Amino acid sequence: MPKDATIGAGDKRREDVRFLTGTGNYTDDINLNGQAYVHFLRSDVAHGRLNRVDTSAAETMPGVLRVFTGADFAEVGGLPCGWQVTDRHGQPMQEPAHPVLAQAKVRHVGDPIAAVVAETREQARDAAEVIELDIEELPAVVDMKAALDGDAPKVHDELENNLCYDWGFVEDNKAAVDAAFEAAAHVTTLELVNNRLVANAMEPRVAVGDFNRATGDSTLYTTSQNPHVIRLLMGAFVLGIPEHKLRVVSPDVGGGFGSKIFHYAEEAFCTYAAKALNRPVKWTATRGEAFVSDAQGRDHVTTIELALDADNNFTAIRTETYANMGAYLSTFAPSVPTWLHGTLMAGNYRTPNIYVNVKAVFTNTVPVDAYRGAGRPEATFQLERVIDKAARELGVDPIALRRQNFVTEFPYETPVAVAYDTGDYNATMDKLEEIGDLGGFEARRAESEKKGMLRGLGVNCYIEACGIAPSNLVGQLGARAGLYESATVRVNATGGITVMTGSHSHGQGHETSFAQVVADMIGIDASMVEIEHGDTANAPMGMGTYGSRSIAVGGSAMVRATEKVIAKARKIAAHLMEASEGDIELKDGQFTVAGTDKSVAWGDVTLAAYVPHNYPLEEIEPGLEETAFYDPANFTYPSGAYACEVEVDPETGKVTIERFAAADDFGNIINPMIVDGQVHGGIGQGIGQALLENCAYDENGQLLSGSYMDYAMPRADDVPFYAVDHSCQTPCTHNPLGVKGCGEAGAIGSPPTIVNAVVDALQRGGHDVKHIDMPLTPSRVWAAMQG
Amino acid sequence: MPQVSMTVNGKPASGDVEGRTLLVEFLRENVGLTGTHVGCDTSQCGACVVHVDGRDVKACTMFAAEAEGAEVTTIEGMGEPDGTLHPVQQAFQDHHGLQCGFCTPGMVMSAVALLEKNPKPSEAEIRDYLEGNICRCTGYHNIVKAIMAASGQDVGRIAAE
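So the protein sequences, as listed, match chains A and B. My numbering applies: residue -5 is where the first sequence begins, and numbers increase by one. My numbering applies: residue 2 is where the second sequence begins, and numbers increase by one.
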């Protein structure tokens, strides 16, 4: 068993104490001297022409400092999009402007029109209520296919139409794919919806802008998963502030799930207004605002076809997807239905021919961007659902059909541009059958039947591409950023270590697990290592935390920096012991000379580095601090197999999850307790998507699910205990820790498992139901049972 | 503006508040206790649960003025003065019952209230009681486990499932 405080140990989290005692430092806990408050007046119509915004009455209200409108931002840059997709014909996507405050038109409910800054939050809110708006309401486009009709109203007048791009992947595969379908012995087709979700991190977004007139420096405190990215995007593209005059801090952040990756208008506004007013300016979103201003997730409508030969081997996959972008392009929105979705369509299977078509569409709805899994859940859902349907049509066991088509030899080049380095899909399926006790299903089903309940079993596999991403590759794919990570390892004179990482922890426990890695490498107690994140004044650069990239990319940067530290410390130790550097060994925090009893402790070496009296000054500099940037050579490919057993009440259609099991392969594991927790949380969100959550708009673009009264978040009594296992480990071959990432797996693997289980239950109960779109609410299930 | 006075974590607290000021706003902004969080605006999420005169209450659902003279306990008041965690806080750490920590104060306050009423709740009773506390990170697995452990129940079986 690994000892505590090393790689593989389930250390308790050090960050817990502050969270459990109410002493965390979330952005809304930050209050600056002289702080003013902003309230945003937002559009209550989905589409309209702004004829007049009269702020004169608001300006005279008590406590009001200034009222800003779109006119104030006419000369300020808009919010940039960080990814450009090139369409099937080699043309760049249509990319509309995204102003900080609405200019001439509003394009979704929640679009910010004006901003009132006042002495108190209440004064700002009161003043916003007397702003007079003259909005000429225009017909809204909500349905994606309708939005592409020739006579559909245009969300952006300056664009040709509402089609952001029409993407084909891989376009050169198309003819071979079509030919494979012509030759197929069996074709299974499925049309499905991947329902729109709201990330709903429990902490609403907050921004506090500050400006120091003496130095000309701006500071933004914000709820971000990637403060360095916000600094770059906001500084370079919106406000024109160079990095050395702009600091972005994201302290304790209460969950992100993707929604806090993106650069938002409120961040730019608070930074801008703080300078304009020479006062700190704070904004705290209400939950209602979060529902109409946080980027939303998923919202794909897909037709997928699977071709099989006479022996049930998969021969081709062809998909057509409509992907909702909402009213504007959020920071990474174009990448989600394309490079994070199309590249995963091979799944765990050897399918030689794959063609993916995606039409991204502008509508008068809140922008859509990455949400936990981002593109990969959408790929997994359609693939695993169509395989399940094929198995039922062919009368074969769904597990056997999957096993027959598994990729078993690695590395494996898929026909959709990625190469899996390692994996063992039969091993995770074997493990799933064991921990899920799939052999006991029939007996449990019989018990359910006695109670008058329909019981079903759903099984599912997934693969994801994590550790995002090789910069040169994503550059070719349209990313306007590199996707490396950086870390600085600062060793102090008395041996303690401060690690400054560009990764960001907003629930993932990096302060614990990252410290385990560095402590393990040196052989010191983890309490000697402190992890600092979330401040552009610390780590040199950072691309942040999303896409299950932190340990694979950020952790690797930290390993490389620590290796440099150890290499220098070894030189110092060699000098202190008058030995050859090549003979120096480091173990348990002691440097020894091989074959002798000479040793110096870690603290002796670190002290010598800062008090260099006896020190090889002619060869090396004093001090002990190193920085590394790590750019991954490939994605990582976590994979797994999930099983779910449901009971369906035939009287009401209510689905209850009776058992859930997940067998994952994340490669090497740093802290198994944290990994279990990540999987639990992902499954919880997957259950939410499958059974409860739906972000719904009416035909006028009004959000129908704008609060927790209407948007069904999973609660404790909606979910069971989960059996999770990650003992199947095929280490990643190209990063120094052999890790793959675990943050999104649960949310990717679970929704199709649940739908497969419900369809199974209904079919066993004699209902000819082939598919139900998520969320599988009682009314939808009941309606499906009625035919 | 009316003045309101109450006892918070055993100490007197008072301040001038507007009639519309919520108890949670008073605690966060007047008393400076930012451990009580605001996660929604419809009294659904439970991040703001505190104890008022021994009852667990959503502090966003009560005006500060309604707490005049009350004994209020917040998450900051749960541990011992020497830093020793309350057994429920300790169980949350031991069983990884929190991730981002934002819902955690409310979860702990609800769990403590549950155990005061029902010292050995079943899994179903815990899940039912937490209906008004939303967590987006944990999938509730380790929260339920931590509360069972805090009530002295064997949770080894759960881990093995």
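Cβ coordinates follow ideal geometry from the N, Cα and C atoms, glycine included. Treat the numbers as computed from the prediction; the structure is a model and nothing was measured.
Quiz item: Along chain B, which residues have their Cβ under 8 Å away from the Cβ of residue 17 of chain A?
Solution: As a position in the first sequence, residue 17 of chain A is number 23, starting the count at 1. Within chain B, the residues near residue 17 of chain A are 36 and 77.
Exercise. Using beta-carbon positions only, say whether residue 103 of chain A and residue 697 of chain A come within less than 8 Å of one another.
Key: Position 109 of the first sequence, counted from the first residue, corresponds to residue 103 of chain A. Position 703 of the first sequence, counted from the first residue, corresponds to residue 697 of chain A. Cβ atoms of residue 103 of chain A and residue 697 of chain A: closer than 8 Å.
Self-check item: At least 3 beta-carbon pairs within less than 8 Å: the segment 369 to 386 of chain A vs the segment 242 to 260 of chain A
Solution: no
Quiz item: Are there 16 or more other CB atoms within 10 angstroms of the CB of residue 168 of chain B, so buried, or fewer, so exposed?
Solution: Not covered by the structure: residue 168 of chain B. The range shown for chain B is 2 to 162.
Exercise. State the start and end residues of the unbroken alpha helix (DSSP H) segment that holds residue 435 of chain A.
Key: Position 441 of the first sequence holds residue 435 of chain A. Counting along the chain, the alpha helix (DSSP H) containing residue 435 of chain A begins and ends at 435 to 444.
Quiz item: Using the beta-carbon count (16 or more within 10 Å), is residue -5 of chain A buried or exposed?
Solution: On the first sequence, position 1 is the one that residue -5 of chain A refers to. Because the pLDDT of residue -5 of chain A is 38, which lies under 50, any placement of that residue in the model is unreliable, and the number read from its coordinates should be weighed accordingly. Classification of residue -5 of chain A: exposed, given that the 10 Å Cβ count is below 16.
Self-check item: For residue 155 of chain B and residue 161 of chain B, the rounded distance between their alpha carbons
Solution: The sequence position of residue 161 of chain B within the second sequence is 160, counting from 1. The sequence position of residue 155 of chain B within the second sequence is 154, counting from 1. Unreliable placement is indicated for residue 161 of chain B, whose pLDDT of 42 sits below 50; no coordinate value is reported for it.
Quiz item: Three-state secondary structure (DSSP) at residue 13 of chain B?
Solution: For the purposes of this step, residue 13 of chain B is identified with residue 12 of the second sequence, where counting begins at 1. Note: residue 13 of chain B maps to strand in three-state DSSP.
Self-check item: Interface flag, residue 81 of chain B vs chain A, CB-CB below 8 Å
Solution: The residue you call residue 81 of chain B lines up with position 80 of the second sequence. False, the Cβ-Cβ gap to chain A never drops below 8 Å.
Exercise. Using a Cβ cut-off of 8 Å (strictly closer), state whether residue 116 of chain B contacts chain A.
Key: Counting from 1 along the second sequence, the entry for residue 116 of chain B is found at position 115. Output row for residue 116 of chain B: interface = no.
Quiz item: Can you tell me whether DSSP reads residue 162 of chain B as helix, strand or coil?
Solution: On the second sequence, residue 162 of chain B is found 161 positions in, with the first residue counted as 1. Confidence at residue 162 of chain B is low in this model, with a pLDDT of 45, below 50, so the placement of that residue is unreliable and no value is reported for it.
Quiz item: By Cβ distance, which residues of its chain are closer than 7 Å to residue 471 of chain A, with the 5 residues on each side in sequence left out?
Solution: Counting from 1 along the first sequence, the entry for residue 471 of chain A is found at position 477. Cβ neighbours of residue 471 of chain A beyond the five flanking positions: 333.
Quiz item: Measuring CB to CB, does residue 200 of chain A end up less than 8 Å from residue 217 of chain A?
Solution: Position 206 of the first sequence holds residue 200 of chain A. Position 223 of the first sequence holds residue 217 of chain A. Cβ distance < 8 Å, so residue 200 of chain A and residue 217 of chain A count as in contact.
Quiz item: Any idea which residues DSSP pairs residue 783 of chain A with across the strands?
Solution: Residue 783 of chain A lies beyond the residue range present for chain A, which begins at -5 and ends at 781; the question has no answer from this structure.
Self-check item: residue 480 of chain A classed as buried or exposed, judged by whether at least 16 other C-beta atoms fall within 10 angstroms
Solution: Start at 1 with the first residue of the first sequence, and residue 480 of chain A comes out as number 486. Counting Cβ neighbours within 10 Å, residue 480 of chain A comes out buried, since at least 16 surround it.
Quiz item: Quick one: is residue 403 of chain A buried, meaning 16 or more other Cβ sit within 10 Å of its Cβ, or exposed?
Solution: In the first sequence, residue 403 of chain A corresponds to position 409, counting from 1. Exposed.
Quiz item: Unbroken alpha helix (DSSP H) runs of length 4 or more, entirely within the segment 81 to 121 of chain B: which are they?
Solution: 88 to 95 and 105 to 118
Quiz item: Between which two residues does the beta strand (DSSP E) containing residue 494 of chain A stretch?
Solution: As a first step, residue 494 of chain A must be located in the first sequence, where it is residue number 500. Counting along the chain, the beta strand (DSSP E) containing residue 494 of chain A begins and ends at 491 to 495.
Quiz item: So is residue 7 of chain A in contact with chain B if we call contact Cβ pairs under 8 Å?
Solution: By 1-based counting over the first sequence, the position of residue 7 of chain A is 13. Yes, its Cβ sits closer than 8 Å to a Cβ of chain B.
Practice problem: Can you give me, in chain order, the residues of the segment 223 to 254 of chain A that have a beta carbon less than 9 Å from any beta carbon in chain B? | Solution: 246, 247, 248, 249, 250 and 251
Quiz item: Is the segment 767 to 774 of chain A in contact with the segment 571 to 589 of chain A, if contact means three or more CB pairs nearer than 8 Å?
Solution: no
Practice problem: For residue 103 of chain B, decide whether its Cβ has a neighbour in chain A, counting only Cβ atoms nearer than 8 Å. | Solution: Taking the first residue of the second sequence as position 1, residue 103 of chain B is located at position 102. Yes, contact with chain A.
Practice problem: Would you mind listing the beta strand (DSSP E) stretches within the segment 637 to 712 of chain A that are 3+ residues and don't spill past its ends, in chain order? | Solution: 649 to 659
Quiz prompt | Contact with chain B by residue 198 of chain A, beta-carbon distance below 8 Å | solution = Translated into positions along the first sequence, residue 198 of chain A becomes position 204. It does: the Cβ of residue 198 of chain A has a partner Cβ on chain B nearer than 8 Å.
Quiz item: Just reading off the beta strand (DSSP E) that residue 106 of chain A is part of, what are its end residues?
Solution: As a position in the first sequence, residue 106 of chain A is number 112, starting the count at 1. Segment 106 to 112, the beta strand (DSSP E) holding residue 106 of chain A.
Quiz item: Are the segment 453 to 468 of chain A and the segment 511 to 528 of chain A touching by the rule of at least three beta carbon pairs closer than 8 Å?
Solution: no
Quiz prompt | Interface residues of chain A facing residue 139 of chain B [CB-CB closer than 8 Å] | solution = Here residue 139 of chain B refers to the residue found at position 138 when the second sequence is read from its first residue. 671, 674, 675 and 678, listed in chain order.
Quiz prompt | Assumed close pair residue 233 of chain A, residue 262 of chain A - CB separation to whole angstroms, cut-off 8 Å | solution = Residue 233 of chain A sits at position 239 when you count from the first residue of the first sequence. Residue 262 of chain A sits at position 268 when you count from the first residue of the first sequence. The Cβ separation is near 6 Å, so the contact holds.
Self-check item: residue 768 of chain A - DSSP class collapsed to helix/strand/coil
Solution: Reading the first sequence from its first residue, position 774 is the one you call residue 768 of chain A. Coil at residue 768 of chain A, not helix or strand.
Quiz item: With a CB to CB cut of under 6 Å and the five nearest residues on each side skipped, what residues in its chain are close to residue 350 of chain A?
Solution: Position 356 of the first sequence, counted from the start, is the residue given in the question as residue 350 of chain A. Excluding positions up to five away in sequence, the list reads 163, 313, 336 and 339.
Quiz item: Based on the DSSP output, what are the partners of residue 188 of chain A in its beta bridges?
Solution: Here residue 188 of chain A is taken as the residue at index 194 of the first sequence, counted from 1. BP columns for residue 188 of chain A point to A:294.
Quiz item: Closest by CA to residue 183 of chain A, which one among A:243, A:284 and A:299?
Solution: Position 189 of the first sequence, counted from the start, is the residue given in the question as residue 183 of chain A. Nearest of A:243, A:284 and A:299 to residue 183 of chain A, Cα basis: A:299.
Quiz item: Given residue 99 of chain B, which residues of its chain have a CB within under 6 Å of its CB, disregarding the five upstream and five downstream residues?
Solution: Residue 99 of chain B sits at position 98 when you count from the first residue of the second sequence. Excluding positions up to five away in sequence, the list reads 93 and 105.
Quiz item: So what does DSSP say about residue -5 of chain A, is it helix, strand or coil?
Solution: The residue you call residue -5 of chain A lines up with position 1 of the first sequence. At residue -5 of chain A, the pLDDT of 38 sits below 50, so the modelled position is not reliable; the number obtained from the coordinates is stated separately. Three-state result, residue -5 of chain A: coil.
Exercise. Compare the C-beta of residue 194 of chain A with all C-beta atoms of chain B and state if any pair is closer than 8 Å.
Key: Here residue 194 of chain A is taken as the residue at index 200 of the first sequence, counted from 1. It does; some Cβ of chain B falls within 8 Å.
Exercise. Express the C-alpha separation of residue 55 of chain A and residue 123 of chain A in angstroms, rounding to a whole number.
Key: In the first sequence, counting from the first residue as 1, residue 123 of chain A sits at position 129. In the first sequence, counting from the first residue as 1, residue 55 of chain A sits at position 61. Cα to Cα, residue 123 of chain A sits roughly 10 Å from residue 55 of chain A.
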